[in-house]
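Chains as they are written, first to last, in my numbering: chain A, 1 to 184; chain B, 1001 to 1186.
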């Protein structure tokens, strides 16, 4: 009987472990981006974002990720520029409150590297995107970091008068450092 | 062109190029600041910064040249006629102009760095940021840059007015800085 109970407890623990979920800690995470204006790099950030993770870091292939960024939280640190970025030519945040990345497939490249393939939607325009992710676990927290280069014109970000790439470069490098916590 | 009563060719060249560059920098700064956020504003702001950086380095070169090659003395006719306050004003205005040739672009550069927009000269040469990114600091630096630029604008007007006064007096002060007159008089 005692043996049966311990077997039951063990199998419950295993089931729990399989179901172990991961949550994002936004306050400790960051999303930044760098682009060039007339050759000079400018760094911005998004201050509000979240993720719905169905992810067991021990078995990432079985998981999925939906990552959302509040477009109105964009900041270049300059209030008049932030206001400009909310306009329809840029992120159109009143109409498209969120940019969304939805994973379709997660592949473990090796023990600390993932490749997440999915769809990025900005201003309602959807594009395939492959995101390389580096994982680093320390003190029970996993940091997922990486960067991808987007072409802003793919998403009509900075359209019309702003579309000249000599003025604002097409390439925008987006970097992320996401702190994840395993929940029991 | 080796007449010791006149500035040498290189000093004249720097003077007139900088005269144009400084007036263009003041004008482009005022114009850019008057525009709403737009592609035109972004272009003018960048041109203004590139011009300002050129003014800064050309002024350092010019100051070095001035120290190495002492400027010619005032023509005797002018020196005899100038009163004490005019002489003092002559020295003060030149000293202040040189101070502002350096201070105004340096403050603009610092403002740009503090605002988080590094300067890449002509889109090719990245200049270092010597202040941290900080919004309050950027606001103060912008104010200082603007105020001292107005000050430089006033000094430029005083300088031109004084030169016109000397032209009116026909005392040979302006000829020291005008190309061509050396040959004619020699």
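Positions of the beta carbon are idealized from the N, C-alpha and C atoms, including for glycine.
Predicted, not measured: the structure shown is a model, and the values here were computed from it.
- Remark: three or more beta-carbon pairs, one from each stretch, lie closer than 8 Å, so the region 1012 to 1029 of chain B and the region 1043 to 1050 of chain B are flagged as touching.
- At a C-beta separation below 7 Å, residue 84/A has these neighbours in chain B: 1037.
- Under the three-state reduction of DSSP output, residue 31/A falls in the strand class.
- Distance from the CA of residue 61/A to the CA of residue 146/A, rounded to the nearest whole angstrom, comes to 18 Å.
- For the pair residue 91/A and residue 168/A, the CB atoms are not nearer than the 9 Å cut-off.
- Taking CB atoms only, residue 41/A has a neighbour in chain B less than 9 Å away.
- With the rule of 3 Cβ pairs closer than 8 Å, the region 161 to 179 of chain A does not count as touching the region 1007 to 1020 of chain B.
- Secondary structure of residue 26/A (DSSP, three-state): helix.
- Between the region 1149 to 1168 of chain B and the region 1091 to 1103 of chain B, the count of Cβ pairs shorter than 8 Å is three or higher; the stretches touch.
- Taking 8 Å as the upper bound for CB-CB distance, residue 40/A and residue 1120/B are in contact here, some 4 Å apart.
- For the region 1100 to 1124 of chain B, the set of residues with a beta-carbon nearer than 8 Å to any beta-carbon of chain A comprises 1115, 1116, 1117, 1118, 1119, 1120, 1122, 1123, 1124, in chain order.
- Within the same chain, Cβ atoms closer than 7 Å to the Cβ of residue 1062/B are found at 1014, 1018, the five residues on either side in sequence being excluded.
- With 16 or more other CB atoms across the displayed protein chains lying within 10 angstroms of its CB, residue 1052/B is buried.
- Using a Cβ-Cβ cut-off of 8 Å, residue 38/A is close to 1042, 1043, 1046, 1120, 1123 of chain B, given in chain order.
- Residues of chain A whose Cβ lies closer than 9 Å to the Cβ of residue 1133/B are, in chain order, 43, 77.
- Check the Cα spacing between residue 1114/B and each of 1020/B, 1123/B, 1131/B: the tightest is with 1131/B.
- In the DSSP assignment, residue 41/A forms a beta bridge with 36/A.
- Residue pairing for residue 50/A: DSSP places it in a beta bridge opposite 68/A.
- Ranking 27/A, 116/A, 89/A by CA distance to the CA of residue 122/A puts 89/A first.
- Inter-residue distance for residue 160/A and residue 114/A is about 37 Å (C-alpha atoms, whole angstroms).
- If you keep only unbroken alpha helix (DSSP H) runs of at least 4 residues inside the region 1070 to 1110 of chain B, you get 1076 to 1081.
- Taking 9 Å as the CB threshold, residue 1126/B lines the interface with chain A.
- Judged by beta-carbon spacing, residue 180/A lies beyond the 9 Å limit of residue 69/A, meaning their Cβ atoms are not closer than that value.
- For residue 108/A and residue 143/A, the gap between their C-alpha atoms comes out near 15 Å.
- Listed along the chain, the chain B residues whose CB falls inside 8 Å of the CB of residue 55/A amount to none; the nearest CB is some 34 Å away.
- No residue range can be given for residue 1129/B, since it is assigned to no alpha helix (DSSP H) and is classified by DSSP as neither H nor E.
- Remark: three or more beta-carbon pairs, one from each stretch, lie closer than 8 Å, so the region 1102 to 1113 of chain B and the region 1136 to 1149 of chain B are flagged as touching.
- Ranking 47/A, 43/A, 38/A by CA distance to the CA of residue 26/A puts 47/A first.
- With 16 or more neighbouring CB atoms inside 10 Å of its own CB, residue 31/A falls in the buried class.
- Contact check for residue 55/A and residue 66/A: beta-carbon distance about 11 Å, past the 8 Å limit, so the pair fails to qualify.
- With respect to chain B, the C-beta atom of residue 168/A has a partner C-beta closer than 9 Å.
- Distance between residue 170/A and residue 1103/B, taken at the CA atoms: about 35 Å.
- Taking each of 1004/B, 1033/B, 1137/B, 1021/B in turn and checking the Cα distance to residue 1071/B, the smallest one comes out for 1004/B.
- Legend: CB atoms of the region 138 to 167 of chain A lying less than 8 Å from CB atoms of chain B belong to residues 161, 162, 164, 167.
- Taken through DSSP and simplified to helix, strand or coil, residue 1119/B comes out as coil.
- Take residue 1021/B, set aside five residues on each side of it, and the residues of its chain with a beta-carbon closer than 8 Å to its own are 1051, 1054, 1055, 1058, in chain order.
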